[in-house]
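**Student:** In our numbering, the protein residues as written are 1238 to 1523.
(1) What are the complete beta strand (DSSP E) segments, minimum 3 residues, inside the segment 1422–1466?
(2) Does the beta-carbon distance from residue 1444 to residue 1288 come in below 7 Å?
(3) Which full runs of the beta strand (DSSP E) of 3+ residues lie inside the segment 1245–1308, going along the chain?
(4) To the nearest angstrom, report how far apart residue 1248 and residue 1468 are at their CA atoms.
(5) Could you pull the start and end residues of the alpha helix (DSSP H) that residue 1416 belongs to?
(6) Using DSSP with H/G/I as helix, E/B as strand and the rest coil, what is residue 1479?
(7) Between the C-alpha atoms of residue 1337 and residue 1303, what's the straight-line distance to the nearest angstrom?
(8) Using 10 angstroms around the beta-carbon of residue 1424, count the other beta-carbons present and answer buried if the total reaches 16, otherwise exposed.
(9) Buried or exposed, going by whether 16 or more other CB atoms sit within 10 Å of the CB of residue 1335?
(10) Could you check which residue in 1291, 1292, 1349 has the C-alpha nearest to that of residue 1314?
(11) Rounded C-beta distance between residue 1470 and residue 1332? I'm assuming under 8 Å.
(12) Using DSSP bridges, identify the partner residues of residue 1328.
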């Protein structure tokens, strides 16, 4: 079962072991185990998120919005354990309700979404204990672990900052590698003033790296896919608008397409005005 493969790999990644010698001729590359990013551009270019994903973002640009939406969408394919190290219960519930109410197709899968608020003193071992209690080990679904943000989780831990980032980063990288993607991870990280990810080593260990920067409006951001180890499509994805009430981002191209469809011809030659998109302005909840 995929869940058992994931759990075994997550345990194995915590301990020292022997190097494994492999012959590439004996390996048949497996299909990527993916889940929706909620960004059309990423899903079309890469098939979604996969492996160990790092989202780096400036404060107030929507990194939590993206992480929650993506982890909720993942429940159709994964058992998800989402560890929130920053937001309070009210804020998390608000984001959850905004997304679910706008994407009701995920309702049948929500029993596989497990949300935790983290406290001080966490380690990969302590998170794994919570994961083992939450998931069904006999499920055919693999396991996705989300940490938002890894910086805050480490700062609340007993590790020194860089030792903590190394511990959580290597755990994810090794578990993903050992399980061949059945154990997947989505880590949210802050960026510094130069827009580089603060968790410096994570981009090297990650399969995909996505960076969000502030755009030229209150709810406008720029998104770049900086890395995708197994697919093409790396590069600037464009400008996106943050739709708070729907819990997602929409690209300028998608928004323009909806605007062009704001009037449509219906039976009898009459024009039916569609409901405008509800766009949140000056929301500073992210």
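Where is the CB? At the ideal position from N, CA and C, for every residue including glycine. Predicted, not measured: the structure shown is a model, and the values here were computed from it.
**Tutor:** Concretely, from the data shown:
(1) 1445–1451, 1457–1465
(2) By one-based count along the chain shown, residue 1444 stands at place 207. By one-based count along the chain shown, residue 1288 stands at place 51. Going by C-beta atoms, residue 1444 is nearer than 7 Å to residue 1288.
(3) 1289–1294
(4) Here residue 1248 refers to the residue found at position 11 when the chain shown is read from its first residue. Here residue 1468 refers to the residue found at position 231 when the chain shown is read from its first residue. For residue 1248 and residue 1468, the distance between alpha carbons rounds to 28 Å.
(5) On the chain shown, position 179 is the one that residue 1416 refers to. Taken as a continuous stretch (DSSP letters only), the alpha helix (DSSP H) holding residue 1416 covers 1398–1416.
(6) Here residue 1479 refers to the residue found at position 242 when the chain shown is read from its first residue. Strand at residue 1479.
(7) Position 100 of the chain shown, counted from the first residue, corresponds to residue 1337. Position 66 of the chain shown, counted from the first residue, corresponds to residue 1303. Straight-line Cα distance between these residues: approximately 13 Å.
(8) Reading the chain shown from its first residue, position 187 is the one you call residue 1424. Buried, because 16 or more other Cβ atoms sit within 10 Å of the Cβ of residue 1424.
(9) For this step, residue 1335 is matched to residue 98 along the chain shown. Classification of residue 1335: buried, given that the 10 Å Cβ count is 16 or more.
(10) As a first step, residue 1314 must be located in the chain shown, where it is residue number 77. Closest option to residue 1314, Cα to Cα, is 1349.
(11) Here residue 1470 refers to the residue found at position 233 of the chain shown. Here residue 1332 refers to the residue found at position 95 of the chain shown. That pair is no contact at about 27 Å.
(12) In the chain shown, the residue the question calls residue 1328 occupies position 91. BP columns for residue 1328 are empty, so no partner.
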